[in-house]
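Student:
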Amino acid sequence: MTPSRRYPKVALGLIFVAWIVSGIGAIQPFDWFLESILVMLFVPLLVLTYRRFPLSDLSYTLILIFLCLHLVGAHWAYGAVPIPWEQWGFERNHYDRVVHFSFGLLMSYPIREAFYRIARARGFWGFFLPLDVTLSFSAVYEIIEWLVAAIVSPEAGAAFVGAQGDLFDPIKDMALAGTGAILTMGIAAWMNWRHNPRFRAELEESVAGAR
Amino acid sequence: MRVAAGERRAYPLTLLVAFLVVAVALGVRPVSRIDWVLENILVVLFVGFLVLSRRRLPLSDLSYSLIFVYLVLHEIGAHYTYSLVPIDWQTLGFARNHYDRVVHFSFGLLLALPFREWFRTVARTRGFWSYYLPLDVVLASSVAYEIIEWIVAQLVDPAAGIAWLGAQGDDFDAVKDMASGGLGALLAMTAALLVHWRREPGFGAELHESLRVPLTDPMGEVDRRKWKEGAR
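Just so you know, the sequences run in chain order A and B. Numbers 32 to 242, taken from the working numbering, label the letters of the first sequence in order. Numbers 846 to 1077, taken from the working numbering, label the letters of the second sequence in order.
Below is the structure:
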């Protein structure tokens, strides 16, 4: 690995600019603040771990895209993102669903990189565990949303959670994140199968403990 | 806790026989036969897996005992279609029958340890990850369970589906179920961690080793470059 990489620094600059821009004229400043807690915690974490645990440019790019999509939602308080859903035959604003799907699609690869390199999740586990982590993070997110809603105000809570009157809203959110993660892990497995000369041996080794 | 593969053991066999007796007793006259059959599909698959994997993936007696307790709790629910389990919840100060919640909680509490043992044998998971991943799998399988329930409900009958799901009119039912499972797993893994911390001599070293970063090279585009060089 080269000691000085320019790309992570450019990505850091970009996310900083995106964060500021999304805050200017945010339609609900307090909601923007709540939503951007994620960015304010996650980006410093990546900066602090950079020296000991630098991720690939690919992972940084995927994280950057995901955080930007989330900041777009934060600017418009999610429910008011100006996309003409009605014209496309949808009854509700589906931008939150897009971001749930993107979470699985974009974040499962960085999760794979972290698990592969730290937890030594090889072969099968390197593809299965990121999907698993995506689903469990989605569950934790829905649990936190519910707790916040229940604490803040049980009546107003339902509106805040963004269920928009749908009993199955949390389940659909999680199912979309899982679908995104399955797609990305499928692509990663396919790339490895095609190009990684050690793929087959590693796959067999990873479940050899069962023999 | 450590069991040699291939060893013949009387205890798991005793548990299996005891479980079959309980399952048959509770299956003779269930409140709803169709619901009982649905609830038992996963049980048959799971017990079958345990029997087939007894040589290659043996669990400790403790794990088999925990699984036994969990399955008995589930069979009681299956006998009474869950919502009719005769426990006097109103007297205890609850508005609804919480037996399904009890079993969701037990799923995490009782099955996290068997999951941990499987992770250690099959995936050779060590240290921090051997406590975190079972919790993670409990949450993820709770999610998968709720997704499957939702899909089945949609396929069978969208209107009746909601009643069958046992949401009992609660918008946050699915979320509370998952939270119960997660809480159970969190308790079980914390207990396991404390016991190992006190008793296992290599605990600290294993924990430390598990959080080291053995691979300093990034993956992604760096992997791609390596594969190309390897092919040449």
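C-beta atoms are modelled at their ideal positions from N, C-alpha and C, and glycine is treated no differently. From a predicted model like this one, the values you see are computed outputs, not experimental measurements.
T1035 (chain B): buried (16+ other C-beta within 10 angstroms of its C-beta) or exposed?
Tutor: Working through the second sequence from its first residue, we reach residue 1035 (chain B) at position 190. Answer is exposed; the Cβ neighbour count stays below 16.
Student: Relative to the C-alpha of N942 (chain B), which candidate in B:Y925, B:A957 and B:F973 has its C-alpha closest?
Tutor: For the purposes of this step, residue 942 (chain B) is taken as residue 97 along the second sequence, with counting starting at 1. Comparing Cα-Cα distances from N942 (chain B) to each of B:Y925, B:A957 and B:F973, the minimum goes to B:Y925.
Student: Which two residues bound the contiguous alpha helix (DSSP H) that contains I142 (chain A)?
Tutor: Residue mapping note: residue 142 (chain A) aligns to position 111 of the first sequence, counting from 1. It spans Y126 to R148 - the alpha helix (DSSP H) in which I142 (chain A) sits, taken as one unbroken run.
Student: Tell me, please, whether the stretch 859–871 of chain B touches the stretch 909–929 of chain B by the rule of three or more beta-carbon pairs shorter than 8 Å.
Tutor: yes
Student: If you draw a straight line from the C-alpha of S237 (chain A) to the C-alpha of E884 (chain B), how long is it?
Tutor: As a working mapping, residue 237 (chain A) is identified with position 206 in the first sequence. As a working mapping, residue 884 (chain B) is identified with position 39 in the second sequence. Going by the C-alpha atoms only, they are around 33 Å apart.
Student: If you measure from the beta carbon of E1066 (chain B) to each beta carbon in chain A, is any gap under 7 Å?
Tutor: Taking the second sequence and counting its residues from 1, the one referred to as residue 1066 (chain B) is at position 221. It does: the Cβ of E1066 (chain B) has a partner Cβ on chain A nearer than 7 Å.
Student: Are there 16 or more other CB atoms within 10 angstroms of the CB of D1113 (chain B), so buried, or fewer, so exposed?
Tutor: Since the displayed chain B opens at 846 and closes at 1077, residue 1113 (chain B) lies outside it and no answer follows.
Student: Determine contact between the stretch 111–131 of chain A and the stretch 80–93 of chain A, defined as no fewer than three beta-carbon pairs at a distance below 8 Å.
Tutor: With the rule of 3 Cβ pairs closer than 8 Å, the stretch 111–131 of chain A does not count as touching the stretch 80–93 of chain A.
Student: With a Cβ-Cβ cutoff of 7 Å, do M71 (chain A) and F97 (chain A) count as a contact?
Tutor: One-based indexing of the first sequence puts residue 71 (chain A) at position 40. One-based indexing of the first sequence puts residue 97 (chain A) at position 66. No, Cβ-Cβ distance for M71 (chain A) and F97 (chain A) is not below 7 Å.
Student: Please give the ranges of any alpha helix (DSSP H) in the stretch 857–937 of chain B, keeping only runs that are unbroken, at least 4 residues long and fully inside the region.
Tutor: 878–897 and 906–924
Student: Using a C-beta cutoff of 7 Å, does I992 (chain B) count as contacting chain A?
Tutor: Indexing the second sequence from 1 puts residue 992 (chain B) at position 147. So yes, I992 (chain B) belongs to the interface.
Student: What do you reckon, are the CB atoms on A957 (chain B) and A1030 (chain B) nearer than 7 Å?
Tutor: Taking the second sequence and counting its residues from 1, the one referred to as residue 957 (chain B) is at position 112. Taking the second sequence and counting its residues from 1, the one referred to as residue 1030 (chain B) is at position 185. Taking 7 Å as the Cβ cut-off, A957 (chain B) and A1030 (chain B) qualify as a contacting pair.
Student: In whole angstroms, what separates the C-alpha of L902 (chain B) from that of A239 (chain A)?
Tutor: Here residue 902 (chain B) is taken as the residue at index 57 of the second sequence, counted from 1. Here residue 239 (chain A) is taken as the residue at index 208 of the first sequence, counted from 1. Cα to Cα, L902 (chain B) sits roughly 11 Å from A239 (chain A).
Student: Count the CB pairs spanning the stretch 132–146 of chain A and the stretch 159–169 of chain A that are closer than 8 Å, and state whether there are at least three.
Tutor: yes
Student: Is it true that the stretch 152–161 of chain A meets the stretch 170–181 of chain A, where meeting means three or more beta-carbon pairs spaced less than 8 Å apart?
Tutor: These segments do not touch.
Student: Are the stretch 945–954 of chain B and the stretch 1017–1031 of chain B touching by the rule of at least three beta carbon pairs closer than 8 Å?
Tutor: At 8 Å Cβ cutoff, the stretches touch.
Student: Give the interface partners of L984 (chain B) over in chain A, defined as CB-CB distance under 8 Å, in chain order.
Tutor: Within the second sequence, the letter at position 139 stands for residue 984 (chain B). Going along chain A in sequence order, the residues near L984 (chain B) (Cβ under 8 Å) are L166, S167, A170 and V171.
Student: Return helix, strand or coil for M846 (chain B), following the three-state DSSP convention.
Tutor: Reading the second sequence from its first residue, position 1 is the one you call residue 846 (chain B). With a pLDDT of 49 at M846 (chain B), under the threshold of 50, the modelled position of this residue cannot be trusted, and the question is left open.
Student: Are the beta-carbon atoms of L95 (chain A) and I51 (chain A) separated by less than 7 Å?
Tutor: Taking the first sequence and counting its residues from 1, the one referred to as residue 95 (chain A) is at position 64. Taking the first sequence and counting its residues from 1, the one referred to as residue 51 (chain A) is at position 20. No. Outside cutoff.
Student: Under a Cβ-count criterion, where at least 16 other Cβ atoms within 10 Å of its own Cβ denotes burial, should S87 (chain A) be classed as buried or exposed?
Tutor: Mapped onto the first sequence, residue 87 (chain A) falls at position 56. Buried, since its Cβ has 16 or more Cβ neighbours within 10 Å.
Student: Cβ closer than 8 Å: which chain B residues qualify as neighbours of M205 (chain A)?
Tutor: Counted from its first residue, the first sequence places residue 205 (chain A) at position 174. Using a Cβ-Cβ cut-off of 8 Å, M205 (chain A) is close to V988, E991 and I992 of chain B, given in chain order.
Student: Give a yes or no on whether the minimum CB-CB distance between S87 (chain A) and chain B is below 7 Å.
Tutor: The residue given as residue 87 (chain A) occupies position 56 in the first sequence. It does: the Cβ of S87 (chain A) has a partner Cβ on chain B nearer than 7 Å.
Student: If I175 (chain A) sits next to A1019 (chain B), beta carbons under 8 Å apart, how far is it from one beta carbon to the other, in whole angstroms?
Tutor: Indexing the first sequence from 1 puts residue 175 (chain A) at position 144. Indexing the second sequence from 1 puts residue 1019 (chain B) at position 174. The Cβ separation is near 15 Å, so there is no contact.
Student: How about the stretch 992–1001 of chain B and the stretch 145–154 of chain A: do they share at least three Cβ pairs that are nearer than 8 Å?
Tutor: Below 8 Å, too few C-beta pairs join the stretch 992–1001 of chain B and the stretch 145–154 of chain A to call them touching: fewer than three.
Student: For the alpha helix (DSSP H) holding H101 (chain A), just list the boundary residues, first then last.
Tutor: Translated into positions along the first sequence, residue 101 (chain A) becomes position 70. Here the alpha helix (DSSP H) through H101 (chain A) covers D88 to H106.
Student: Leaving out five residues before and five after I234 (chain A) in sequence, what residues of the same chain have Cβ atoms less than 8 Å from its Cβ?
Tutor: Reading the first sequence from its first residue, position 203 is the one you call residue 234 (chain A). The sequence shown places Leu at residue 234 (chain A), rather than the Ile named in the question. Here the set comprises G154 and F155.
Student: Please state whether DSSP places I55 (chain A) in a helix, a strand or coil.
Tutor: Against the first sequence, residue 55 (chain A) aligns to sequence position 24. Residue state, collapsed to three classes: coil.
Student: For the stretch 1050–1064 of chain B, which residues have a beta carbon sitting closer than 9 Å to at least one beta carbon of chain A?
Tutor: Residues passing the 9 Å Cβ filter: S1055, L1056, R1057, V1058, P1059, L1060, T1061, D1062, P1063 and M1064.
Student: In angstroms, rounded to a whole number, what distance separates the CA positions of A968 (chain B) and A232 (chain A)?
Tutor: What you label residue 968 (chain B) is simply residue 123 of the second sequence in a count that begins at 1. What you label residue 232 (chain A) is simply residue 201 of the first sequence in a count that begins at 1. Between A968 (chain B) and A232 (chain A), the alpha-carbon positions lie close to 15 Å from each other.
Student: Am I right that I58 (chain A) and W107 (chain A) are in contact with their C-beta atoms under 8 Å? What's the rounded C-beta distance?
Tutor: Counted from its first residue, the first sequence places residue 58 (chain A) at position 27. Counted from its first residue, the first sequence places residue 107 (chain A) at position 76. Yes, I58 (chain A) and W107 (chain A) are in contact; Cβ-Cβ is about 6 Å, under 8 Å.
Student: Give the range of the alpha helix (DSSP H) segment to which L1031 (chain B) is assigned.
Tutor: Locating residue 1031 (chain B) in the second sequence gives position 186, counting from the first residue. Unbroken alpha helix (DSSP H) run through L1031 (chain B): D1018 to R1044.
Student: Near V930 (chain B), which residues of its chain fall below 7 Å by C-beta distance, leaving aside the five closest residues on each side in sequence?
Tutor: By 1-based counting over the second sequence, the position of residue 930 (chain B) is 85. Answer for V930 (chain B): I921, G922, N942 and Y944, listed in chain order.
Student: Does chain A have any CB closer than 7 Å to the CB of A968 (chain B)?
Tutor: Looking up residue 968 (chain B) in the second sequence gives position 123. Yes, contact with chain A.
Student: Taking three-plus beta-carbon pairs below 8 Å as touching, is the stretch 988–996 of chain B in contact with the stretch 201–221 of chain A?
Tutor: The stretch 988–996 of chain B vs the stretch 201–221 of chain A: in contact.
Student: From the beta carbon of D127 (chain A), is the nearest beta carbon of chain B less than 7 Å away?
Tutor: On the first sequence, position 96 is the one that residue 127 (chain A) refers to. No, D127 (chain A) lies away from the interface with chain B (no Cβ there is under 7 Å from its Cβ).
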